[in-house]
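Just so you know, the sequence shown maps onto residues 5 to 388 in the working numbering. The beta carbon of each residue, even a glycine, is placed where N, CA and C say it ideally should be. All values derive from a computational prediction rather than experimental measurement. Take a look at the structure below.
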Amino acid sequence: MFTQDYLLQSLFVKGEVSNCKYHSSGHIYFTLKDLKGTINCVMFAGNRAGLSFRLEQGQQVVVGGTVDVYERDGKYQLYAKQIVLDGAGLLYERFERLKRELEELGMFAPEYKQPIPKYIETLGVVTAQTGAAVRDIIQIASRRNPYVQIILYPAIVQGEAAAPSIVRGIKALESRRVDVMIVGRGGGSIEDLWAFNEREVAQAVFDCSVPVISAVGHETDTTIIDYVADLRAPTPSAAAELAVTDIREIFGEMEGYREKIAGLMQQKLTGQRERAARLGTMLKYLSPAGRIRERKTRCLSLEERLQERMQGILGRKRHELELYIERIKGLSPLDKLSSGFSYVEDAEGKNIRSISQVEQGQPLTIHVRDGVIKALVTGKEGSI
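What follows is the structure, given as structure tokens:
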């Protein structure tokens, strides 16, 4: 009768866990109870995939499975195939299931994350029009850089209409081409934040061409869009700080760049001046005028050396000439005349050295120290 009853083959029973035991075989035995009654339950090892947490005493759970009779004891019991936590635990199960599914689709992959621009002109914000979150974002963003334009899309962030409203806000600000977008709200329970765990919101954040910063709840709160967004901020205030660079930091960087450029320019000018000085020095030596001066100086030096050598050669030649003159003087007949000798020549100017060169009656010229004597040969005698 139990196996033939369709309703007993697939049903869900809610209650509190008691007498929970994990068997060495991998089976789990426990009792499910409420104020009205109890039912024995077993989850075989082969069905453990339907349990994503450790089953413990006192937990409120919803068990899905079939009811059948354990023939040995003659008792019916619930054969569990799926166990989820009741209430917030049920939402947590949905959260974990969607998280695993989106992660398998690659929506959390870092290669799809867009970088957050450091300098922006427009900031888009998707959040409730009233509340601490929007006030904190506006206050901090305006203080950090009053020149940034903030565009708010007043979205519904809680309840059944929240997810479609958030999606419309993301698409509206994307069409406005804001530089970066903050999507979030203030803190609350898991039920209050559930809109940011919906698939359609996660898909809209993933598809958005504008970088998205998620800022949902407090630092300990985590939602699905925190994994999908390009950057997660622990709070809305932190999101504003991440999105808007402090203008004092910008001015500081600009001053640093100015000093760096001035230093580089000064360094460049100094280098160019030194190069110009080197080129000027080289030009003095390599220019035509410089070369002419160099050649003229060299020519003058060579001329002085030539003159010195010529003077030296002339001095030596004069000395040699004086020596030759003295030697010639020693051989000259005229010098002999001054010593008492005379020089005899015929009418033709030939020197008479022998009596054989003259005849009687021949005219002769006799040179003596102080003049010339004209003579006529009257006779001649040979030497003994």
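Name the DSSP bridge partner or partners of residue i?
{"i": "S218", "result": "V187, R236"}
{"i": "H150", "result": "Contrary to the premise, residue 150 reads as Pro rather than His in this sequence. BP columns for P150 are empty, so no partner."}
{"i": "C45", "result": "F34, L82"}
{"i": "K18", "result": "V66"}
{"i": "G375", "result": "V372"}
{"i": "D72", "result": "Q81"}
{"i": "L89", "result": "V65"}
{"i": "Y26", "result": "I32"}
Looking only at its chain, what residues have a beta carbon closer than 8 Å to the beta carbon of residue i, apart from the 5 residues adjacent to it on each side?
{"i": "H323", "result": "none"}
{"i": "R180", "result": "T126, G128, I155"}
{"i": "L380", "result": "G365, Q366, P367, L368"}
{"i": "A167", "result": "A199, E202, E204, V205"}
{"i": "L283", "result": "none"}
{"i": "V362", "result": "D350, I356, L368, V381, K384"}
{"i": "F255", "result": "none"}
Can you find the residues in the same chain that come closer than 6 Å, C-beta to C-beta, to residue i, ignoring five residues on each side of it along the sequence?
{"i": "Q86", "result": "G54, G68"}
{"i": "D234", "result": "K117, Q118, P215, V216"}
{"i": "M185", "result": "G128, L177, V214, V216"}
{"i": "K288", "result": "G294"}
{"i": "F99", "result": "N201"}
{"i": "G221", "result": "G191, L197"}
{"i": "T42", "result": "T35"}
{"i": "I251", "result": "N149"}
Can you have a look at residue i and say buried or exposed, based on whether 16 or more other CB atoms are within 10 angstroms of its CB?
{"i": "R189", "result": "buried"}
{"i": "I157", "result": "A quick correction: the sequence has Tyr, not Ile, at residue 157. Flag for Y157 reads buried."}
{"i": "C294", "result": "Residue 294 is actually Gly in this sequence, not Cys. Exposed, since its Cβ has fewer than 16 Cβ neighbours within 10 Å."}
{"i": "F34", "result": "buried"}
{"i": "N149", "result": "buried"}
{"i": "T227", "result": "buried"}
{"i": "F210", "result": "buried"}
{"i": "A237", "result": "buried"}
{"i": "K272", "result": "exposed"}
{"i": "K300", "result": "exposed"}
The ligand SAM and residue i: does any heavy atom of the ligand fall closer than 8 Å to the residue's C-beta?
{"i": "R252", "result": "Although the ligand SAM was asked about, the structure shown includes no ligands whatsoever."}
Please check the pair residue i and residue j, which I expect to be a contact at CB under 8 Å, by giving their CB distance rounded to whole angstroms.
{"i": "L89", "j": "Y83", "result": "Not quite, the Cβ-Cβ distance comes to about 20 Å (not below 8 Å), so this is no contact."}
{"i": "K37", "j": "E20", "result": "6 Å"}
{"i": "E223", "j": "T249", "result": "With a Cβ gap of about 22 Å, E223 and T249 do not count as contacting."}
{"i": "A219", "j": "K175", "result": "Between K175 and A219 the Cβ distance is about 19 Å, and since that is not below 8 Å, they are no contact."}
{"i": "V71", "j": "L15", "result": "7 Å"}
{"i": "P121", "j": "D183", "result": "6 Å"}
{"i": "L197", "j": "D230", "result": "Wrong, their Cβ atoms sit about 10 Å apart, outside the cutoff."}
{"i": "Q8", "j": "N44", "result": "At roughly 21 Å, the Cβ-Cβ gap does not stay under 8 Å, so Q8 and N44 are not in contact."}
Taking 7 Å as the limit between beta carbons, can you name the residues of its chain near residue i, skipping five residues before and five after?
{"i": "H27", "result": "Y33"}
{"i": "A136", "result": "G190"}
{"i": "V138", "result": "V129, T131, A132, L156"}
TODO: List in chain order: all unbroken alpha helix (DSSP H) runs of 4+ residues lying wholly within the region 285-350.
DONE: 292-335, 337-341
Alpha helix (DSSP H) runs wholly inside the region 125-181, at least 4 long, in chain order
136-148, 166-179
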